[in-house]
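*Asks:*
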Amino acid sequence: MLNRLVAPPVQPLASITLPAADVLSLPNGSRLHILRNAAQPVIRLQVVFRAGKWYDTTPGASVLTARMLLEGTRTRTARQIADEVAFFGASLECEQGFDRATLTLYCLARHLDQLLPVVADVLTEPTFPETELAQLKARTIQNVRIERQKTSYLAAERFSRNLFGADNPYGVVFQEETFQAIPRETLQAFFQQGYSFADAEIFLCGDVGPTQQQAVQAALGSIGSASDLRNEAHTQTSTSSVPLAVDYVTVPESIQSSIRIGRLWPSPAHPDTHWLQVLVKVLGGYFGSRLMKNIREDKGFTYGIYASVTPREHATSFVIGTDVNAASTAAAIQEIRHELQLLQDEAIPAEELQTVKNYMAGKFANELSTVFEQCDKYKSTVFLGLPASYYTDFVQQIQRVTASELQQLAQQYLQADTMLEVVAGPRK
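Residues in the sequence shown are numbered from 135 upward in steps of one, following the numbering used here.
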């Protein structure tokens with residue numbers, strides 16, 4: 135008889151191998167990556183360009199350009215685009231990130247052929263209509279005004295500026311006047327330069343048969359590049375140009391403070407990257423982490439606290455973040471420093487380390503449950519220049535790392551005096 139008071143045994147994850155992608159070079163210079171899985175009759179098509187924040191010619195140009203692509207073309211209004219996509223029960227959106235801009239289509243496999251003309255139209259014939267542009271600017275500015283009433287937003291914004299530098303694309307702070315003044319012509323120029331098929335990456339995953347593959351090749355492979363120019367507005371390595379190790383953003387009458395503590399971090403290609411992920415998980419990467427147990431469970435300073443690593447194509451950052459009662463700010467920072475020091479001074483107990491390893495392996499396996507999630511992992515290897523064995527190595531490395539090795543990494547990377555601190559809250 136099953137004893138429900140006893141937890142089932144944990145089975146180690148032997149290995150993980152991502153499905154191999156078929157990679158085709160198309161006539162216009164773009165590459166088509168195909169991951170096939172016929173479990174469900176659905177498809178995701180993503181067309182990715184070097185048109186993220188890193189390539190901004192004017193701060194805000196990249197986000198406006200991405201969001202305006204669906205606001206009208208020479209042959210379709212925004213309403214017609216939306217209606218045509220909705221008719222087939224599909225989804226079409228364009229998102230701008232720090233490094234890339236991505237147009238994403240979700241649809242049933244049998245409808246892909248009918249929807250590809252819409253995709254091609256959006257990516258070749260956007261008109262950036264003035265009325266819709268003005269409305270988008272107004273909505274964006276209003277949203278930022280609302281966000282800037284939150285200490286969490288202000289702390290994150292100042293932390294990025296201090297970490298990367300005020301002139302670095304990752305650290306540029308939103309300026310309402312500059313954003314409002316961006317003319318339509320700037321977006322047209324950014325589109326011509328950034329949305330070039332000469333170096334686009336196209337990802338097609340799901341129930342992809344010969345018909346769907348041929349349709350994508352025909353619809354997107356022959357599109358000429360908008361421009362042979364490539365936007366290389368920023369090619370330097372990200373470094374912090376702001377010397378402030380401790381910074382305070384005053385938010386009068388706020389009853390809480392938001393804390394951000396962190397530093398630049400080794401890239402995913404670094405030899406220590408997998409072991410460092412284990413170290414960060416122990417510190418604050420899951421609900422049972424040390425920061426959660428100390429600052430949430432024991433001290434009651436916060437509802438949640440985290441430590442995370444954010445990899446980007448030109449820099450990687452590590453940050454500890456939490457929102458606390460304003461009166462507990464100094465004590466919370468002191469406890470964070472204490473946990474950082476503890477990892478340097480003492481080896482992680484075997485039981486705790488094994489728990490974290492099991493958690494990481496199980497979570498990773500769960501993140502590969504669909505072909506779309508598998509494709510997301512594959513994309514990261516493409517954009518970050520990682521070897522095909524990266525995720526296989528991840529599973530093996532996290533199981534192999536020892537407490538002694540993690541202690542050495544903590545001594546190298548988790549020293550409090552190497553980190554920036556930002557607090558947004560009421561006056562000190």
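For glycine and all other residues, C-beta sits at the position ideal for the given N, C-alpha and C. Just so you know, these numbers come straight off a predicted model, no measurement behind them.
Closest to F331 by CA distance: which of R165, V252 and T265 is it?
*Replies:* The option with the nearest alpha carbon to F331 is R165.
*Asks:* May I ask you to report which of helix, strand or coil DSSP gives R184?
*Replies:* R184 falls in the coil class under three-state DSSP.
*Asks:* For V252, count neighbouring C-beta atoms within 10 Å of its own C-beta (all shown protein chains included) and say buried if the count is 16 or more, exposed if not.
*Replies:* Under this definition V252 is a buried residue.
*Asks:* So, with DSSP's three-state summary, where would you put Y493?
*Replies:* DSSP places Y493 in helix when its eight states are reduced to three.
*Asks:* Just how far apart, CA to CA, sit N137 and N492?
*Replies:* One C-alpha to the other measures close to 22 Å.
*Asks:* Do C241 and C509 have their CB atoms nearer than 8 Å?
*Replies:* Result no, Cβ atoms of C241 and C509 do not sit closer than 8 Å.
*Asks:* Excluding five sequence neighbours on each side, which residues of the same chain lie with their C-beta closer than 8 Å to the C-beta of Q478?
*Replies:* Result list for Q478: Q541, A544, Q545, L548 and Q549, in chain order.
*Asks:* Going by other Cβ atoms of all chains shown within 10 Å of its Cβ, with 16 needed for buried, is S159 buried or exposed?
*Replies:* Exposed: under 16 other Cβ atoms inside 10 Å.
*Asks:* So is Q346 buried or exposed if we call it buried at 16+ other beta carbons inside 10 Å?
*Replies:* So Q346 counts as buried.
*Asks:* State the start and end residues of the unbroken alpha helix (DSSP H) segment that holds S423.
*Replies:* Neither: S423 is in no alpha helix (DSSP H) and is coded neither H nor E.
*Asks:* Leaving aside the five residues before and after L518 along the sequence, list all residues of the same chain whose C-beta is less than 8 Å from its C-beta, in chain order.
*Replies:* Here the set comprises S401, P402, A403, P445 and E447.
*Asks:* Sort out for me which residues DSSP pairs Q230 with in a bridge.
*Replies:* Paired residue(s): A235.
*Asks:* Could you pull the DSSP bridge partners for Y524 from this structure?
*Replies:* None, per the DSSP bridge assignment.
*Asks:* From A243, L237 and A220, pick the residue whose C-alpha is nearest to that of A173; which is it?
*Replies:* Closest option to A173, Cα to Cα, is A243.
*Asks:* If V516 and V416 are in contact, beta carbons under 8 Å, what's the gap, nearest whole angstrom?
*Replies:* Not confirmed; about 30 Å, so no contact.
*Asks:* Answer with buried or exposed for R279, where buried requires no fewer than 16 other C-beta atoms within 10 angstroms of its C-beta.
*Replies:* Label assigned to R279: exposed.
*Asks:* Tell me W399's beta-bridge partners as DSSP assigns them.
*Replies:* Answer is T450, bridged to W399.
*Asks:* What does the alpha-carbon distance come out to for the pair V219 and H245?
*Replies:* Cα-Cα distance, rounded: 10 Å.
*Asks:* Let me know if Y437 comes out buried or exposed under the rule of 16 or more other beta-carbons within 10 Å of its beta-carbon.
*Replies:* The residue in question, Y437, is exposed, as its Cβ has fewer than 16 Cβ neighbours within 10 Å.
*Asks:* Relative to the alpha-carbon of A379, which residue among T209, Q390, E387 and R394 has its alpha-carbon at the smallest distance?
*Replies:* Considering only alpha carbons, the answer is R394.
*Asks:* Using 8 Å as the threshold, is the C-beta distance between H408 and F498 below it?
*Replies:* Contact flag unset, no.
*Asks:* Counting only the same chain and skipping the five closest in sequence on each side, list residues whose C-beta sits under 7 Å from that of S462.
*Replies:* Excluding sequence neighbours, S462 sits near F435.
*Asks:* According to DSSP, is S164 helix, strand or coil?
*Replies:* Coil.
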